[in-house]
Amino acid sequence: MTTHVNILLTGNELMNGDVIDTNSVMFAQQLNDIGLSIRKKVTIADDLLLLQAEIVQLTQTAQVLIINGGLGPTIDDLTSQALAQACGVELHLNPEAHLHLQKWAERRKTTLNKPNLKQAYLPVGCEIVANETGSAVGFSIKLGQCLIICTPGVPSELTHMLKDEIIPNLQQLFPMPTKHNLVRLQTFGLGESTLQALVNDNLPDWPSEIEIGFRAAMPVLEIKLSAQCAKGKTILPQWQDKLSGLLGDHILSTGKNNHTTIADYLVPLLIKKQQKITLAESCTGGLIASQITAIPGASAVFEAGFVTYSNDMKSKMIDVPAATLVNHGAVSEETVLAMAKGALARSNADYVIAVSGIAGPDGGTKDKPVGSVWIAWGNQQALHAKYYCIPAVRQYFQQIVAARSLDLIRRNLINSQERPHYDKTSYKNNTH
């Protein structure tokens, strides 16, 4: 029997758009991984009667109800009170929650006040769900046949609680009746519609026993292959190999991960090869360097980058000849190659990325419209340069340029001979 989970998110800030709901994404992904299905998700304002009524209703259609938010110290944090009323019990000063608050205050060398103490008044009969990072503990209680789990709304706190407390406990309470095989492929450079078309055109006999799904999370797109029946489990490796052969080096890795940039995949490659990289950025304004230095261990492969936004600084910092800028312009093959050579010479690194483009919304011309960018990458032995036109809003343009730049150097490091799918729209492709 499928175990159904309902989610209740509470907070005026969610209703009026001040806060974007990312917590339900965490719930969905992690619950799905252990075989639990979300049946219904409801978001409501901070209203005591509404919250109480919704709790009662949601517990009637699921085995688990997770309530997210409303555990703080302020007057609009109503989850404990509403839940106590729904369960027909009183609020009391919970000793475990009180001790947690005292230790939390001691670590911060502060004194607990009355609003803080409100977080320790919980429904009688509940069990504590530890929160190692925040002031408010989580807690759980049964209402009828439904287990209710209350969690704080702060995403960083919820992340730890899911990993350390909630998911392990739910796995014990609701073990999956049969272990189904699940394969995850992390990819870059192919959109969902393109991927589906590739499968349809090249693997038209895709078996019904293997479910294929896509989850886009800029810039990485995850493909999930799931097999639950005996035949599906048997043929899954064979069809995974077929799909991998079709996608080639668009696949970044196999397996679940939380990587958010292509730098997550590039930095380990550089560390393994004991090679260093430098950057010469114009239109991305240091975004590529920021993504690289966000990765633990980046100091072993990255010593310096150059953000040369103006023509003057391109010449002064990385020796781009003034004549090159005058004759060809900042957004040109000649300039981006000069930027790459200058950055390599200044840094003594092994590899380089250089970018120069027009992020917009102004600055474009007929020959070089907004979204134009030249990317150079490679090493002292071989530098490559490529032009793209990415007509998108400024921030999205910068994200795409950063991702493609990092992917191009990743492909360089793994000696890929494939042409990435996004190159099919490029106008020029040169090697020097």
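Following the numbering used here, the numbering of the sequence shown begins with 977 at its first residue and continues without gaps. C-beta atoms are modelled at their ideal positions from N, C-alpha and C, and glycine is treated no differently. All of these numbers come straight from a predicted model, not from anything done at the bench.
1. Thinking C-beta only, is SER1258 closer than 8 Å to SER1332?
2. I need the straight-line Cα distance from THR1284 to LYS1290, nearest angstrom please.
3. Please give me, in chain order, every unbroken run of the beta strand (DSSP E) with length at least 3 that falls completely inside the stretch 1270-1354.
4. In terms of alpha-carbon separation, which member of GLN1006, SER1202, LEU1161, PHE1115 lies closest to GLU1185?
5. Tell me, to the nearest whole angstrom, how far the beta carbon of HIS980 is from that of THR1037; I am working on the premise that it is less than 8 Å.
6. Please give the ranges of any alpha helix (DSSP H) in the stretch 1199-1262, keeping only runs that are unbroken, at least 4 residues long and fully inside the region.
7. Looking at the secondary structure, which residues open and close the beta strand (DSSP E) in which PHE1190 lies?
8. Are LYS1252 and ASP1326 close, meaning C-beta to C-beta below 8 Å?
9. Quick check on SER1132: does DSSP put it in helix, strand or coil?
10. Within 10 Å of its beta-carbon, does GLN1061 have 16 or more other beta-carbons around it, so buried, or fewer, so exposed?
11. Which residue marks the beginning of the alpha helix (DSSP H) containing ARG1386, and which one marks its end?
12. Would you mind working out which of ILE1238, GLY1114, LYS1118, ARG1083 sits nearest SER1381, comparing C-alpha positions?
13. Taking just the CA atoms, how far does ILE983 sit from ILE1043?
14. Between the Cα of ASP1383 and those of THR1311, GLN1267, VAL1302, LEU1146, spot the shortest distance and give me the residue it belongs to.
15. For ASN1391, which residues in the same chain have their Cβ closer than 6 Å to its Cβ, ignoring the five residues on either side in sequence?
16. Please list the terminal residues of the continuous beta strand (DSSP E) segment that includes HIS1068.
17. Alpha carbon to alpha carbon, how far is HIS1076 from ASP1338? Give it in angstroms, no decimals.
18. Identify which residue in PRO1183, ARG1191, PRO1195 has its Cα closest to the Cα of ALA1206.
19. Any idea what DSSP makes of ILE1014, helix, strand or coil?
20. Helix, strand or coil for CYS1047, going by three-state DSSP, please let me know.
21. In the DSSP output, what is GLU1103 paired with across the bridge?
22. Roughly how many angstroms separate the alpha carbons of GLU1133 and ILE1329, rounded to a whole number?
23. Along the alpha helix (DSSP H) that carries LYS1090, what are the first and last residues, could you check?
24. Should the stretch 1137-1153 be called in touch with the stretch 1207-1214, which here means at least 3 C-beta pairs below 8 Å?
25. Are the beta-carbon atoms belonging to GLU1141 and ALA1096 less than 8 Å from one another?
26. Would you say LEU1123 and GLN1039 are within 8 Å of each other, going by their C-beta atoms?
27. Touching or not, the stretch 1313-1327 and the stretch 1292-1303, by the rule of three or more beta carbon pairs under 8 Å?
28. Can you tell me the Cα-Cα spacing of GLN1128 and GLU1187, whole angstroms?
29. Answer with buried or exposed for ILE1051, where buried requires no fewer than 16 other C-beta atoms within 10 angstroms of its C-beta.
30. Does the Cβ of LYS1362 have 16 or more other Cβ atoms within 10 Å, making it buried, or fewer, making it exposed?
31. In or out: ARG1386 buried (at least 16 other Cβ within 10 Å) or exposed?
32. Indicate whether SER1116 and ILE1125 have their beta-carbon atoms separated by less than 8 Å.
33. Tell me the DSSP secondary structure of VAL1032 in three-state form.
34. In terms of residues, what are the limits of the alpha helix (DSSP H) holding THR1170?
35. What are the boundary residues of the alpha helix (DSSP H) that ASN1145 is part of?
36. Drop a sphere of 10 angstroms on the beta-carbon of PRO1345, count the other beta-carbons inside from all chains shown, and report buried for 16 or more, exposed for fewer.
Taking the structure as given:
1. In this structure, SER1258 lies closer than 8 Å to SER1332 by Cβ.
2. For THR1284 and LYS1290, the gap between their C-alpha atoms comes out near 5 Å.
3. DSSP runs (the beta strand (DSSP E)) wholly in the stretch 1270-1354: 1278-1283, 1327-1333.
4. Of the listed residues, the one whose Cα sits closest to GLU1185 is SER1202.
5. For HIS980 against THR1037, the beta-carbon gap comes to about 7 Å, under 8 Å, which counts as contact.
6. Counting only unbroken stretches of 4 or more residues, the alpha helix (DSSP H) elements lying wholly within the stretch 1199-1262 are 1206-1223, 1239-1249, in sequence order.
7. Here the beta strand (DSSP E) through PHE1190 covers 1186-1193.
8. Here LYS1252 is near ASP1326, since their CB atoms are less than 8 Å apart.
9. In the structure shown, SER1132 adopts helical secondary structure according to DSSP, grouped into three states.
10. Buried: at least 16 other Cβ atoms inside 10 Å.
11. That run of the alpha helix (DSSP H) goes 1370-1389.
12. It is ILE1238.
13. Roughly 6 Å between the two C-alpha positions.
14. Comparing Cα-Cα distances from ASP1383 to each of THR1311, GLN1267, VAL1302, LEU1146, the minimum goes to GLN1267.
15. Excluding sequence positions up to five before and after ASN1391, its CB lies less than 6 Å from no other CB in the same chain.
16. Start and end: 1067-1069.
17. Cα to Cα, ASP1338 sits roughly 54 Å from HIS1076.
18. Considering only alpha carbons, the answer is PRO1183.
19. ILE1014: strand per DSSP, three-state reduction.
20. It should be noted that the sequence gives Leu, not Cys, for residue 1047. Residue state, collapsed to three classes: coil.
21. GLU1103 pairs with SER1116.
22. For the pair GLU1133 and ILE1329, the Cα-to-Cα distance works out to about 37 Å.
23. For LYS1090, the enclosing alpha helix (DSSP H) begins and ends at 1090-1093.
24. Below 8 Å, too few C-beta pairs join the stretch 1137-1153 and the stretch 1207-1214 to call them touching: fewer than three.
25. In this structure, GLU1141 sits away from ALA1096, with a CB-CB distance that is not shorter than 8 Å.
26. Pairing LEU1123 with GLN1039 gives a Cβ-Cβ distance under 8 Å.
27. Between the stretch 1313-1327 and the stretch 1292-1303, the count of C-beta pairs closer than 8 Å reaches three or more; the two stretches touch.
28. The question names Gln, but residue 1128 in the sequence shown is Pro. Looking at the two C-alpha atoms, the distance is approximately 34 Å.
29. With fewer than 16 other Cβ atoms inside 10 Å of its own Cβ, ILE1051 counts as exposed.
30. Result: buried.
31. So ARG1386 ends up on the buried side.
32. Taking 8 Å as the Cβ cut-off, SER1116 and ILE1125 qualify as a contacting pair.
33. The DSSP-derived three-state label of VAL1032 is helix.
34. 1168-1178 is the extent of the alpha helix (DSSP H) around THR1170.
35. For ASN1145, the uninterrupted alpha helix (DSSP H) run begins and ends at 1143-1149, by DSSP.
36. Within 10 angstroms of the beta-carbon of PRO1345 lie fewer than 16 other beta-carbons, which makes it exposed.
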